[in-house]
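K.L.:
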Amino acid sequence: MNTGTSISKPTDAVPRYVLEGRVVTLNSQDEVLERGRVLVRGNRIVAVEPSGGPLPEAFRDAPIIDTRGTLYPGLIDLHNHFVYDVLTLWRVPKKYLNRTQWPRHADYGPLISLPVRVLGGHAPSARAIVRYIEAKALLAGTTTGQGIRTRVSGGEALFRGAMRNVEEPGDDHLPAGSTRVMDLHDDAEDIESFHDALESHAAYFYHLGEGVDDYAHRRYLDLAGHDLIQPSLVGIHSLGLQRPDLDTMAARDAKVVWSPFSNLLLYGQTLPVSDLLGAGVTFSLGCDWSPTGSKNLLQELKVARHEAARQGASLSSRTLVRSVTADAARVAGWQTQVGTLRAHALADLLVIAGTDGDPYDTLISATEKQVRLVTVDGVARFGDRELMEQLAFDRTHPSEPWTVNGVEKAFYLWAEDSLLNDLGFEAARSLLEEAMANLPDFQQRMEHAEREGVGPAPFTLVLDNEPQDVFATGSDAFAFLTDLHRVAGRITLDAPTVGGEDYWALLAAQNNLDATLKQQLRQDYA
């Protein structure tokens, strides 16, 4: 990741290559080429066409790669508090009614908030978090997500690196979005600020109606009462909205980001899928965060499919896939550039192993093992090692090998001017595991090193899911948020992929989940 002005590309000549396989375009006709090819030059798709015909002159000497897989647009995760994605599933203590309740539980600080404050507050572990969580998203096909805000040597900025972020995309063709977590306050200044944010952004992401009670529903009424249901509004969760509210959202071209797994874990229910579809509101999927959500969009797709079936709703696999590609791009205001495979689009691609069966079911059913290739801006960032080697146009910065369930993979995370180019994925993982094994000791060692002036330049992370308005007020509120002496002694680093006995044990311990979902997920990853 870097703080430059655009997604970085290799320093050698502009790459040209051809990827062959089954091509799922997600264009307006939802065309699928059973045997097709995608021609890429630099960061753009030049053509999407059936295989077999003559190539343009400019591609006569370009590598032609049979992916033996199905090609899709890269996945777009429009709700994720990425900094927290080093944490494992939280054993949610009970069923909650709204978002103001669960952060006040006695375990939330020691197990979630304070560990991330410790790790994100010191350069070695903060850098490791950024490296680890970006790789964790990429290895499951995510090419765009919400940004990671950092403080580097006193200045605050959003990172941009191997993956796009919606708040600072670094491309003139991609309008920047903005995000708000805290509830709207009923005062003229805050209402005006909210209105200005809607006016000045293509997408304004707002945690809307997160809960199932009257408090959650009133958050929608607050917006409606001040004429803030606008096309740029993106209601994250929108769980507290009723069918007429969703109808209004659709009529005014406002959007929704649906996070079913997080909703189920915290509140025991999620949006009625028939209402979401019946209203016709444009929606996308978001993972939320790993403490009470999916590890990645491949898992969130499975949860959404299962929940729709449980509700008896007619949610097609095609619609679900569009919610993380073409429709997600529309939510962000990026539909002319990403979310579909077509000429002139940005070359953000995902290849899933295999070409048989329904192409949309193929993606939803895929696990990380089946991810053969992920490209961002035309640069191969993750995939099977053989494909990564064929697309290694930047030989001065070799990829880093890694293995998923016996399949040899590789990461290419180098980015021009990045502060993280000296830190690999495995090194970041090891550093985090060591720090999380004894957080109080790590905190003391880091404080001593900083007092002595030892270590890398200041580099810390800004937490984006600690809104002051959900915590108790009064003399104890500040200590509740910042007393690092309350941090857990040892916590476990969340594994980068779904599975393992530890994960299934944590899933089994979730009281708010339907038993059939727990069983289905385990079968999906068997």
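What the sequence shown shows, in the working numbering, is residues 2 to 527, in sequence order. Glycine included, C-beta positions come from ideal geometry on N, C-alpha and C. Because the structure is a prediction, the values reported are computed rather than measured.
Spatial neighbours of Thr474 within its chain, please: C-beta separation below 6 Å, excluding the five flanking residues on both sides.
P.N.:
Numbered from 1 along the sequence shown, position 473 holds the residue referred to as residue 474. Its pLDDT being 49, under 50, Thr474 is placed unreliably by the model, and the measurement read from it follows with that caveat. Its chain contains no residue whose beta carbon lies nearer than 6 Å to that of Thr474 once the 5 sequence neighbours on both sides are disregarded.
K.L.:
Reducing DSSP to helix, strand and coil, say where Leu522 ends up.
P.N.:
Walking along the sequence shown from the start, residue 522 turns up at place 521. Of the three classes helix, strand and coil, the one that applies to Leu522 here is helix, per DSSP.
K.L.:
Would you tell me roughly how many angstroms separate the C-alpha atoms of His218 and Glu434, rounded to the nearest one?
P.N.:
Here residue 218 corresponds to residue number 217 of the sequence shown, with the count starting at 1. Here residue 434 corresponds to residue number 433 of the sequence shown, with the count starting at 1. Approximately 41 Å, taken between the alpha carbons.
K.L.:
Identify every residue that forms a DSSP beta bridge with Asp67.
P.N.:
One-based indexing of the sequence shown puts residue 67 at position 66. DSSP output for Asp67 lists Glu21 as bridge partner(s).
K.L.:
Quick one: what does DSSP say Pro360 is sitting in, helix, strand or coil?
P.N.:
By 1-based counting over the sequence shown, the position of residue 360 is 359. Residue state, collapsed to three classes: helix.
K.L.:
In chain order, which continuous runs of the alpha helix (DSSP H) of length 4 or greater are located wholly inside the stretch 340 to 425?
P.N.:
360 to 366 and 386 to 391
K.L.:
Checking 7 Å against the spacing of the C-beta atoms, do Phe383 and Leu34 come in under that value?
P.N.:
As a first step, residue 383 must be located in the sequence shown, where it is residue number 382. As a first step, residue 34 must be located in the sequence shown, where it is residue number 33. Cβ atoms of Phe383 and Leu34: not closer than 7 Å.
K.L.:
For Glu193, name the three-state secondary structure that DSSP assigns.
P.N.:
Counting from 1 along the sequence shown, the entry for residue 193 is found at position 192. Glu193 falls in the helix class under three-state DSSP.
K.L.:
Going by DSSP, which residues form a beta bridge with Trp290?
P.N.:
As a working note, residue 290 is residue 289 in the sequence shown. According to DSSP, which records beta bridges pairwise, Trp290 is partnered with nothing at all.
K.L.:
Answer with buried or exposed for Gly407, where buried requires no fewer than 16 other C-beta atoms within 10 angstroms of its C-beta.
P.N.:
Working through the sequence shown from its first residue, we reach residue 407 at position 406. Classification of Gly407: exposed, given that the 10 Å Cβ count is below 16.
K.L.:
Who are the Cβ neighbours of Tyr361 in its own chain at under 6 Å, not counting the five residues just before and after it?
P.N.:
For the purposes of this step, residue 361 is taken as the residue at position 360 of the sequence shown. Excluding sequence neighbours, Tyr361 sits near Ser318, Arg319 and Val322.
K.L.:
Return the chain-ordered ranges of every alpha helix (DSSP H) run that is complete within the stretch 150 to 221 and spans a minimum of 4 residues.
P.N.:
189 to 201
K.L.:
Grab the span of the alpha helix (DSSP H) containing Trp505 for me, first residue to last.
P.N.:
On the sequence shown, residue 505 is found 504 positions in, with the first residue counted as 1. From DSSP, the alpha helix (DSSP H) with Trp505 extends over Glu502 to Ala509.
K.L.:
Starting from Leu298 and walking both ways along the alpha helix (DSSP H), at which residues does that stretch end?
P.N.:
Taking the sequence shown and counting its residues from 1, the one referred to as residue 298 is at position 297. Residues Leu298 to Gln312.
K.L.:
Quick one: Cα of Gly22 to Cα of Val47, how far?
P.N.:
For the purposes of this step, residue 22 is taken as the residue at position 21 of the sequence shown. For the purposes of this step, residue 47 is taken as the residue at position 46 of the sequence shown. Roughly 16 Å separates the two Cα atoms.
K.L.:
According to the neighbour-count rule (16 or more other Cβ atoms, all chains shown, within 10 Å of its Cβ), is Lys95 buried or exposed?
P.N.:
By one-based count along the sequence shown, residue 95 stands at place 94. Its Cβ having fewer than 16 others within 10 Å, Lys95 is exposed.
K.L.:
Short of 8 Å in beta carbon distance, which residues of its chain neighbour Arg523, apart from the five on each side in sequence? Order them along the chain.
P.N.:
Here residue 523 is taken as the residue at index 522 of the sequence shown, counted from 1. Result list for Arg523: Trp505 and Leu508, in chain order.
K.L.:
Return the CA-CA distance between Leu302 and Ala314, expressed in angstroms with no decimal places.
P.N.:
In the sequence shown, residue 302 corresponds to position 301, counting from 1. In the sequence shown, residue 314 corresponds to position 313, counting from 1. If you take the alpha carbons of Leu302 and Ala314, they lie about 15 Å apart.
K.L.:
How many Å lie between Gly155 and Pro459 at the Cα?
P.N.:
Within the sequence shown, numbered from 1, the residue matching residue 155 stands at position 154. Within the sequence shown, numbered from 1, the residue matching residue 459 stands at position 458. Going from the Cα of Gly155 to the Cα of Pro459 covers about 8 Å.
K.L.:
Does DSSP put Ile230 in a helix, a strand or coil?
P.N.:
Within the sequence shown, residue 230 is the residue found at index 229, counting from 1. Correct three-state label for Ile230: coil.
K.L.:
Would you mind sorting Ile8 into buried or exposed? The rule is 16 or more other CB atoms within 10 Å of its CB.
P.N.:
As a first step, residue 8 is located in the sequence shown; it is residue number 7 there, counting from the start. Any answer about Ile8 is weak, because its pLDDT of 45 lies below 50 and its placement is not dependable; what the coordinates show is given next. Flag for Ile8 reads buried.
K.L.:
Beta-carbon within less than 8 Å of Leu311's beta-carbon, same chain only, minus the 5 sequence neighbours each way: which residues are those?
P.N.:
Your numbering for residue 311 matches position 310 in the sequence shown. The residue you asked about is not Leu; residue 311 is Arg in the sequence shown. Excluding sequence neighbours, Arg311 sits near Asp515, Thr517 and Leu518.
K.L.:
May I ask you to report which of helix, strand or coil DSSP gives Lys256?
P.N.:
Start at 1 with the first residue of the sequence shown, and residue 256 comes out as number 255. Looking at Lys256 - three-state DSSP - the assignment turns out to be strand.
K.L.:
Output the distance between the C-alpha atoms of Val153 and Leu485, rounded to the nearest integer angstrom.
P.N.:
For the purposes of this step, residue 153 is taken as the residue at position 152 of the sequence shown. For the purposes of this step, residue 485 is taken as the residue at position 484 of the sequence shown. Approximately 22 Å between the Cα atoms of the pair.
K.L.:
What would DSSP say about Tyr97, mapped onto helix, strand or coil?
P.N.:
Residue 97 sits at position 96 when you count from the first residue of the sequence shown. Secondary structure at Tyr97: coil, using DSSP grouped into helix, strand and coil.
K.L.:
Give me whichever residues DSSP pairs with Leu462 in a beta bridge.
P.N.:
Taking the first residue of the sequence shown as 1, we reach residue 462 at position 461. DSSP, once it has assigned bridges, lists Thr151 as partnering Leu462.
K.L.:
What separation, rounded to the nearest whole angstrom, lies between the Cα atoms of Gly70 and Ile353?
P.N.:
The count along the sequence shown starts at 1 and reaches residue 70 at position 69. The count along the sequence shown starts at 1 and reaches residue 353 at position 352. If I take the Cα positions, the gap works out to 5 Å.
K.L.:
Tell me whether Arg446 sits in a helix, a strand or coil according to DSSP, three-state version.
P.N.:
In the sequence shown, counting from the first residue as 1, residue 446 sits at position 445. The answer is helix: DSSP assigns Arg446 an H, G or I state.
K.L.:
Where do the ends of the alpha helix (DSSP H) carrying Arg331 lie?
P.N.:
Position 330 of the sequence shown, counting from 1, holds the residue named residue 331. Taken as a continuous stretch (DSSP letters only), the alpha helix (DSSP H) holding Arg331 covers Ala327 to Ala333.
K.L.:
Between which residues of its own chain and Arg306 is the CB-CB distance below 8 Å, once the five residues before and five after are set aside?
P.N.:
The sequence position of residue 306 within the sequence shown is 305, counting from 1. Scanning its chain for C-beta atoms nearer than 8 Å, with the 5 sequence neighbours on each side dropped, one finds around Arg306 the residues Leu316, Ser318, Leu321 and Ile365, in chain order.
K.L.:
Over what stretch of residues does the beta strand (DSSP E) that includes Glu135 continue unbroken?
P.N.:
Counted from its first residue, the sequence shown places residue 135 at position 134. That residue, Glu135, is in no beta strand (DSSP E); its alpha helix (DSSP H) goes Ala124 to Leu139.
K.L.:
Do Leu79 and Ser285 have their C-beta atoms closer together than 7 Å?
P.N.:
As a first step, residue 79 is located in the sequence shown; it is residue number 78 there, counting from the start. As a first step, residue 285 is located in the sequence shown; it is residue number 284 there, counting from the start. A contact, by the Cβ cut-off of 7 Å.
K.L.:
Does DSSP put Met2 in a helix, a strand or coil?
P.N.:
To locate residue 2, count along the sequence shown from 1; it is residue 1. Caution is warranted here: a pLDDT of 38 is assigned to Met2, below 50, making its placement in the model unreliable, and no coordinate value can be reported.
K.L.:
Just tell me which of Thr26, Leu56 and Gly226 has its CA closest to the CA of Leu351.
P.N.:
Within the sequence shown, the letter at position 350 stands for residue 351. Checked all of Thr26, Leu56 and Gly226; the closest Cα to Leu351 is Thr26.
K.L.:
What span of residues does the beta strand (DSSP E) with Gly37 cover, start to end?
P.N.:
For the purposes of this step, residue 37 is taken as the residue at position 36 of the sequence shown. Per DSSP, Gly37 belongs to the beta strand (DSSP E) from Val33 to Arg42.
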